[in-house]
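Colleague:
Residue numbers (the working numbering): 64 to 482.
(1) Nearest by alpha-carbon distance to residue 418: which of 110, 93, 102, 100 is it?
(2) Is it right to say residue 470 is buried, meaning 16 or more other beta carbons lie within 10 angstroms of its own, or is it exposed?
(3) Spell out the partners DSSP gives residue 456 in its beta bridges.
(4) Would you call the region 447-462 and the region 377-385 touching, i.e. three or more CB-CB distances under 8 angstroms?
(5) Is the region 141-159 touching the region 439-453, taking contact as three or more C-beta pairs under 8 angstroms?
(6) Mapping DSSP to helix, strand and coil, what is residue 366?
(7) Express the C-alpha separation of residue 472 and residue 343 in angstroms, rounding to a whole number.
(8) To the nearest angstrom, how far is the alpha carbon of residue 163 from that of residue 187?
(9) Look up residue 319 in the DSSP assignment and say whether it is helix, strand or coil.
(10) Might you give, ordered along the chain, the residues of its own chain that have their beta carbon closer than 6 angstroms to the beta carbon of residue 375, omitting 5 neighbours on each side?
(11) Residue 403 and residue 352 - do their beta-carbons sit closer together than 8 angstroms?
(12) Given a threshold of 16 other Cβ atoms within 10 Å of its Cβ, counted over all protein chains shown, does residue 95 qualify as buried or as exposed?
(13) Extract the residue ranges of the beta strand (DSSP E) inside the region 253-322, only unbroken runs of 3 or more that lie entirely within it.
(14) With a threshold of 16 other CB atoms inside 10 Å of the CB of residue 356, please say whether the residue is buried or exposed.
(15) Can you find the residues in the same chain that come closer than 7 angstroms, C-beta to C-beta, to residue 327, ignoring five residues on each side of it along the sequence?
(16) Quick check on residue 431: buried or exposed, where buried means 16 or more other Cβ atoms within 10 Å of its Cβ?
(17) Go ahead and pull the three-state DSSP assignment for residue 243.
(18) Does the region 246-253 come into contact with the region 215-227, if we say contact requires no fewer than three beta-carbon pairs (one atom in each stretch) closer than 8 angstroms?
(19) Go ahead and label residue 232 buried or exposed: buried means 16 or more other beta carbons lie within 10 angstroms of its beta carbon, across all protein chains shown.
(20) Just to confirm my understanding: we take residue 203, look at its own chain, exclude 5 residues before and 5 after, and list those with CB closer than 8 angstroms. What are they?
(21) Expressed to the nearest angstrom, what Euclidean distance is found between the alpha-carbon atoms of residue 291 and residue 348?
(22) Between 435, 176, 370, which lies nearest to residue 390 when the distance is taken from Cα to Cα?
(23) Can the beta-carbon of residue 483 be found less than 8 angstroms from the beta-carbon of residue 101?
(24) In the DSSP assignment, the beta strand (DSSP E) including residue 171 goes from what residue to what residue?
(25) May I have the straight-line CA-CA distance separating residue 126 from residue 115, to the nearest angstrom?
(26) DSSP three-state label for residue 430, please.
(27) State the DSSP-derived secondary structure class of residue 463, mapped to helix, strand or coil.
(28) Could you check whether residue 410 and residue 97 sit closer than 8 angstroms to each other, using their CB atoms as the reference points?
(29) Using 10 angstroms around the beta-carbon of residue 103, count the other beta-carbons present and answer buried if the total reaches 16, otherwise exposed.
(30) Where residue 189 and residue 316 are concerned, what is the direct C-alpha to C-alpha distance, given to the nearest angstrom?
(31) So, helix, strand or coil for residue 96, using DSSP?
(32) Mind checking residue 265: buried by the 16 CB within 10 Å criterion, or exposed?
(33) Whole-angstrom Cβ separation of residue 129 and residue 117, contact assumed at under 8 angstroms?
(34) In this structure, how does DSSP classify residue 338 when only helix, strand and coil are distinguished?
(35) Any idea if residue 319 is buried or exposed, counting beta-carbon neighbours within 10 angstroms, 16 or more meaning buried?
Right, here's the structure in full:
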């Protein structure tokens, strides 16, 4: 397969956006910080102000705009596009373009084959210049993950038929399922480009935490081709985590990733309702909504420990933990499914758990915050209220927030790429 110069530039840009720099403390110091308790405070941005024109509560200096409303055509600088924004917007990500702009992809958590992924193309100044379908015909596309080779992995939360679908952020080729990543109630996936592993969460009270170990040469092949090629054999090995009382983790092979129900065939540790996941600088952050925990898997140390637990850290005010992302600063952002309809920071330098966004209006009743992700330069935060409308509860609103985000590392020394 011939790779054009534009595609190569895009992957170079993507790689540049996920490279860490030498930062404030070493990985060893960061492990010590992670082991400490959460603390109270106002965080790096201060307290939230009253609702803005779009009904969002934000810190001083931040502002919001609605970039898409479900059921309406996505607006462009010179008029509306032909693409009608999908209902139930969920997991999302941004991909850089070589002209300084970026593409934003967003899942649709609708069942019966009516889900999928939609995309918006932004210019370098943040204006909308295109909107289009990325993936169609799939069901309950919940969260997902980006890859170092520049694709979006969209996860179906569709019971034992759920798969991971790989698709291009520009919609230039049809999405492809990857059965070797298992058939189960998928939530999200994160790529460790150093060890060439994929980590996956399962949204079930008895769900497992999975790792897919890529076969030798497959990572380089994906980087060269700009996609993974699905094969029946030889792709890699799917494994499940077994967590010991001391926090150490071992991995057991899944004998047949396509067999169902998968978790009942595998001797892994149950994680209560796996949700969002994100890889950053040797650490994998993931959440479980059943017990309101944020976990951190230290890949080098082969441990899984609790970063935040609502039961033991009640001052953190974080409940309904769901989607998660890591800011360029190293701060962990967690979206609430219900709770106070907030995105909260767990700061990388002080271990404060503080609100960054709150959605207090009646239009957000019964909704959840989904898909937090940053533009490639870290200056814009995107997210959705999945069941909000312009005039009350509806089919979903998608927002952009800009402001003085910390775009330089304040936490760990990132000597590896972070995705």
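Every residue gets a Cβ at the ideal spot worked out from N, C-alpha and C, and that includes glycine. It should be emphasised that the depicted structure is a prediction, and the values quoted were computed from it without experimental measurement.
Modeller: In brief:
(1) Checked all of 110, 93, 102, 100; the closest Cα to residue 418 is 110.
(2) Under this definition residue 470 is an exposed residue.
(3) Residue 456 is bridged to 451.
(4) A contact is defined here as three or more CB-CB pairs under 8 angstroms, and the region 447-462 fails this definition with respect to the region 377-385.
(5) At 8 angstroms Cβ cutoff, the stretches touch.
(6) In the structure shown, residue 366 falls within a strand segment according to DSSP collapsed to helix, strand and coil.
(7) Put simply, the backbone Cα of residue 343 is about 12 angstroms away from that of residue 472.
(8) In this structure, the CA atom of residue 163 is about 5 angstroms from the CA atom of residue 187.
(9) In the three-state reduction of the DSSP assignment, residue 319 falls in the coil class, being assigned neither a helical nor a strand state.
(10) Only residues of its own chain outside the window of five on either side were considered, and among them none has a CB closer than 6 angstroms to the CB of residue 375.
(11) Contact flag unset, no.
(12) Classified as exposed, residue 95 has fewer than 16 neighbouring CB atoms from the shown chains inside 10 Å of its CB.
(13) The qualifying runs are 260-265, 272-277, 299-306, 312-316.
(14) By the neighbour-count criterion, in which 16 or more other beta carbons inside 10 Å mark a residue as buried, residue 356 falls on the buried side.
(15) Taking residue 327 as the centre and dropping the five residues before and after it, the same chain places no C-beta closer than 7 angstroms to its C-beta.
(16) Taking all protein chains shown into account, residue 431 has 16 or more neighbouring C-beta atoms within 10 Å of its C-beta and is therefore buried.
(17) Look at residue 243 here: in three-state DSSP terms it is helix.
(18) Taking 8 angstroms as the limit for Cβ pairs, the verdict is that the region 215-227 does touch the region 246-253.
(19) Residue 232 is buried by the Cβ-count criterion.
(20) Excluding sequence positions up to five before and after residue 203, its CB lies within less than 8 angstroms of the CB of 172, 173, 174, 178, 219, 220, 221, 225, all in the same chain and listed in chain order.
(21) Residue 291 and residue 348: Cα-Cα distance of roughly 24 angstroms.
(22) It is 435.
(23) Lying before the first or after the last residue shown, residue 483 is absent from the chain, which here runs from 64 to 482.
(24) Taken as a continuous stretch (DSSP letters only), the beta strand (DSSP E) holding residue 171 covers 165-171.
(25) Taking the straight line joining both Cα atoms gives about 8 angstroms.
(26) Under the three-state reduction of DSSP, residue 430 is assigned to coil, being neither helix nor strand.
(27) Assignment of residue 463 by DSSP, reduced to helix, strand and coil, places it in the strand class.
(28) Contact: no.
(29) Flag for residue 103 reads exposed.
(30) Cα to Cα, residue 189 sits roughly 45 angstroms from residue 316.
(31) Helix at residue 96.
(32) Under this definition residue 265 is a buried residue.
(33) At roughly 6 angstroms, the Cβ-Cβ gap stays under 8 angstroms, so residue 129 and residue 117 are in contact.
(34) Residue 338 sits in a strand when the DSSP states are folded into three classes.
(35) Note on residue 319: under 16 other CB atoms within 10 angstroms of its CB, so exposed under the neighbour-count rule.
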